Each structure stands twice: as C-alpha cells, then as structure tokens.
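Each residue of the sequence shown is one higher than the last, beginning at 82 in my numbering.
Written below as structure tokens is the structure these notes are about.
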Amino acid sequence: MSPPRPPRLIEDGAALQVDLAEGAARFHALWLRDNDPGPKTRDPGSGQKRIGVCDLDLETRIVAAAWEEDRLQVRFAPGDFTSVFEAGWLAAHAYDRVRPRTPGWTPSHLKLWEAKDAENLPVETFTRLRQDETRRLAWLDQIRRYGFARLSGAPLADGAALEVATLVGFVRETNYGRSFDVRVEVAARNLADTALGLEAHTDNPYRDPPPGVQILVCLANAVTGGGSILVDGFAAAQALRAEDPDAFGRLARYPARFEYAGTPGVRLQAKAPMIALGADGELLGLRINNRSTAALTDIPYDEMAAYYAAWRRFAELIATPRFRLGFRLEPGEAMVFDNLRILHAREAFTGAGARWLQGCYVDRDGLYSALAAARGERAWAT
Ligand code: FE2
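In structure tokens form, the structure reads like this:
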C-alpha cells in the first residue's frame, strides 16, 4: 500500500519530508544521495561504499521525488542522479526524531535489572545450544539484552571455557593466555582458612579496550561458600544518576587510571572514566575494579573530594542486595557476561577441597554480528 501523501520537497530541495508508517520524517538531500543503495554507490556484493564524502556535492538538491508502491524514487541535481529507497529502510534509518537527553541513557533493547528481576532467566544446556541454532541465538540475545546468560552441562575438562566460547564468538587472547584458571585448593588441615571474597568488579580495566565478554566455567566446587554474584552495573549507574546526577556526572567526566604490573614484563595501563558515555550521552561501559585502580591524577584538586564521594556512593549501590544476583556455580555450569556492563563478585569460601573456574574472554562484536546477521540485516544497514 502506498503511503498516504506524496513526498514534499522542503528547504528549496535541500531536504524532503515523507510519511512513513511511524510518522513523518525529514531527510536531507545530501544524506539520501550518500546513502543511495544502488550499485554506483554501494558494491552489490559486499554492500561496501564506493564513494567518499569528497565525492558529494554539498549543494546537492532534490529535484523530484515520488512513491511507487513502497519505494521512494528520488532525483538529484546536479548530475541528474536517481536513487530508489524502500520505505522500510527509510523508517529504520530515520534520524528526524526526538533524542534521549539524559546522560547515561540506554537503548530500549537493553533490559536493566535488579536481582529480583533476573532470578528466573532460563539456564540453557551446552549440548542444546550446540545443536539448536535458534536456541543459541536466543541465548546470545539474552546476553545482549540482560548482559549475561548461564548454561549447564559444559565439558568437565581442561579447555571447557574455550569450548563454551565457540558458542559465543571469537576468543580474545591476553597476557593471561587464551584461557585462564581461577583455582584455589583449600588444605584439609586449614579448614578455618577463608579464601577471600572478591568485591564486584569488571575485569581488566587496565586494557584498551577491556575484554567485552567474559566466560567462567566451573570445573570443581567442593568448598563451602564461594557463591557467584552478578550485578547489572548499568542499573546501578542509573540509580546513582537518579539519586545524585552530579556524582554520576563526575564519574563520567573525569578519567580514572588503571594499572596491572603483577607479572614480569607486563605493565598494562589505561586512562578512562569509570562510567563511559558516548558522544550522545549513551551509557557505554563501566570500569570498576578496586584492585586495579591506580592513583587518580586527572581530577582537579577542587573536585577530588567530591569525586571520591561519588565513587564511594557508586560502590555502595553496587554492594546493596537490591542489585546482587547470587547463585552457586556447580561443576559443568557456566556464566557468560558482558564485562563492560555486568560486575561479578565472589563470596568468601571455606572447607576442604578445590574450587576451580576456568575462564576466557570473547569480543562482543562477534556476538552482535551473529545476532544482526540472523535478523537479516546487512552489515552496512545496522
Ligand atoms: Fe574477575
């Protein structure tokens, strides 16, 4: 069915206004010419662009536009060039809209959670995810939306983390190797010994960029305690903003410093805010890790005390039961989480026996690419 009204040229042809299913939207002539989907502009095979910004005439105007069914035909001058756009593509890429204004906003597909909201998310099995592509994509989509997913039935053998990684994307190798072990043997004669708990943190804030996704597989857990905890850091960050926008702003505005030099020949350093916002204010990621925070030297003297107060308040919020989703990982169980959004923690443990987790890192882009490809989106159209 054709849209109800013909397109209207506005601003002397420098733009046009069209009615789409979602409402009216304006598009600039320059933008439309640049995004021409035809073979002169886009390589039909790869979808990659064949023109550069210097090929665009800044005086480009629309001289005619008309709907043919659900396709918009647009003729440009100079050059008498014609493009055809599908209404669905225009609707998906319309930029003439009200934008989020609050710093720290998150896109609508992200489901921010408190502990009570995330308790009943499904736990998939390793074999089923291997065999059923639809289930694997749904599981990956849970990681995209909620920031984490769990599974059971992982191989109980060295290499398990890398096996689970094949379900998610491409392994990010670091100086800790392709995978790493978190292993503690509690000697029977020291039953009272407590393997220390770990505060909620994101891993490796001293890297640029930090690892995107972390996989932790449990291979042994004979101890008492040692529960795993996940916190939606984005939910906690938005709670901080709601409570004290200035505190949120300080953690986003000033760079912190992170360092790891615990291995000979390694000195990893990064300078980045604890709360990273995009240029349009979108909440992009967190770097929260007490053990790796170096001396902060990029905060003005007059702001330092307030910065510490903000940092401390954020840490207090992260530590409240409201945000702490706790569960015990049994052998063969794994958790996969977005390391820029989800903080992880470990409760202290005691008792004789072994606790052995094996982990690895995976880039986020492979996961997002698999999901976008499954939705049938062309790479250049996302
Ligand atoms: Fe960690």
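Where is the CB? At the ideal position from N, CA and C, for every residue including glycine.
Keep in mind that this is a model prediction, so the values were computed, not measured.
Where residue i and residue j are concerned, what is the direct C-alpha to C-alpha distance, given to the nearest angstrom?
i, j, result
"A328", "R403", "20 angstroms"
"R348", "G366", "23 angstroms"
"A453", "R231", "21 angstroms"
"G346", "L191", "39 angstroms"
"R322", "V144", "48 angstroms"
"L272", "G307", "Residue confidence for L272 is low, a pLDDT of 48 falling below 50, so the modelled location carries little weight and cannot support an answer."
"D313", "E195", "7 angstroms"
"A317", "Q98", "41 angstroms"
"V443", "A376", "29 angstroms"
"A199", "T344", "37 angstroms"
"A96", "R393", "50 angstroms"
"T255", "V298", "18 angstroms"
"A177", "D239", "Before going on, a small fix: residue 177 reads as Asp here, not Ala. When rounded, the distance between both Cα atoms is 53 angstroms."
"L358", "A175", "23 angstroms"
"Q439", "Q319", "32 angstroms"
"H425", "G407", "10 angstroms"
"R422", "L364", "9 angstroms"
"L137", "L398", "50 angstroms"
"G278", "A301", "17 angstroms"
"Q154", "A146", "5 angstroms"
"R107", "T283", "42 angstroms"
"W112", "S189", "25 angstroms"
"F207", "V245", "8 angstroms"
"R209", "R216", "7 angstroms"
"K130", "R114", "12 angstroms"
"D262", "N116", "48 angstroms"
"A433", "R427", "18 angstroms"
"S127", "S450", "15 angstroms"
"A455", "L171", "21 angstroms"
"A102", "E214", "32 angstroms"
"K197", "R409", "16 angstroms"
"Y388", "G362", "19 angstroms"
"E205", "G330", "38 angstroms"
"I91", "A110", "10 angstroms"
"D151", "Q212", "39 angstroms"
"L218", "I380", "43 angstroms"
"A276", "A235", "25 angstroms"
"G457", "A435", "46 angstroms"
Give the DSSP-derived three-state secondary structure of residue i in the structure shown.
i, result
"T103", "Looking at the sequence shown, residue 103 is not Thr but Glu. If DSSP states are grouped into helix, strand and coil, E103 belongs with coil."
"F418", "strand"
"F380", "The sequence given here places Ile at residue 380; Phe does not occur at that position. Coil at I380, not helix or strand."
"F430", "strand"
"A246", "helix"
"E195", "coil"
"G447", "helix"
"F404", "helix"
"D327", "helix"
"L321", "helix"
"E411", "coil"
"F251", "coil"
"A453", "helix"
"R334", "helix"
"G308", "coil"
"G94", "helix"
"G185", "coil"
"A241", "helix"
"G278", "coil"
Whose C-beta lies closer than 7 angstroms to the C-beta of residue i among residues of the same chain, with five residues either side of it excluded?
i, result
"I132", "T122"
"Q223", "L202 and A230"
"L243", "V252, R259, S260 and C441"
"D124", "R131"
Keeping to the same chain, check which residues put their C-beta closer than 6 angstroms to that of residue i; ignore five residues upstream and five downstream.
i, result
"R89", "Q98"
"D93", "none"
"A281", "V312, I399, L424 and A426"
"W437", "R264, L300 and A301"
Here's a check: name, in chain order, each residue in its chain whose Cβ is nearer than 8 angstroms to the Cβ of residue i, leaving out the five neighbours to either side.
i, result
"G119", "S164 and V165"
"V294", "I224, V249, G250, V417, F418, D419, N420, Y442, V443, D444, R445 and L448"
"A353", "P286, D289, P336, A337, F339 and R368"
"M385", "L377"
Buried or exposed for residue i, going by 16 or more other Cβ atoms inside 10 Å?
i, result
"V134", "exposed"
"P181", "exposed"
"L372", "It is worth fixing the name first, because residue 372 is Arg in this sequence and not Leu. R372 should be labelled exposed."
"G185", "buried"
"T141", "buried"
"V179", "exposed"
"A391", "buried"
"L139", "exposed"
"Y341", "buried"
Between residue i and chain D, is there a C-beta pair that is closer than 8 angstroms?
i, result
"R264", "Annotation note: the requested chain D is absent from the structure, which comprises a single protein chain."
Whole beta strand (DSSP E) runs in the stretch 96-178 with 3 or more residues, listed along the chain? 96-101, 104-109, 142-149, 152-158 and 162-167
Counting only runs of 3+ residues fully inside the stretch 340-402, write out the beta strand (DSSP E) ranges in chain order. If we require 3 residues or more, the beta strand (DSSP E) runs fully inside the stretch 340-402 come out as 349-353, 356-358 and 364-367.
In chain order, each beta strand (DSSP E) run of at least 3 residues that lies wholly inside the stretch 189-236: 204-206 and 229-233, all fully within the stretch 189-236.
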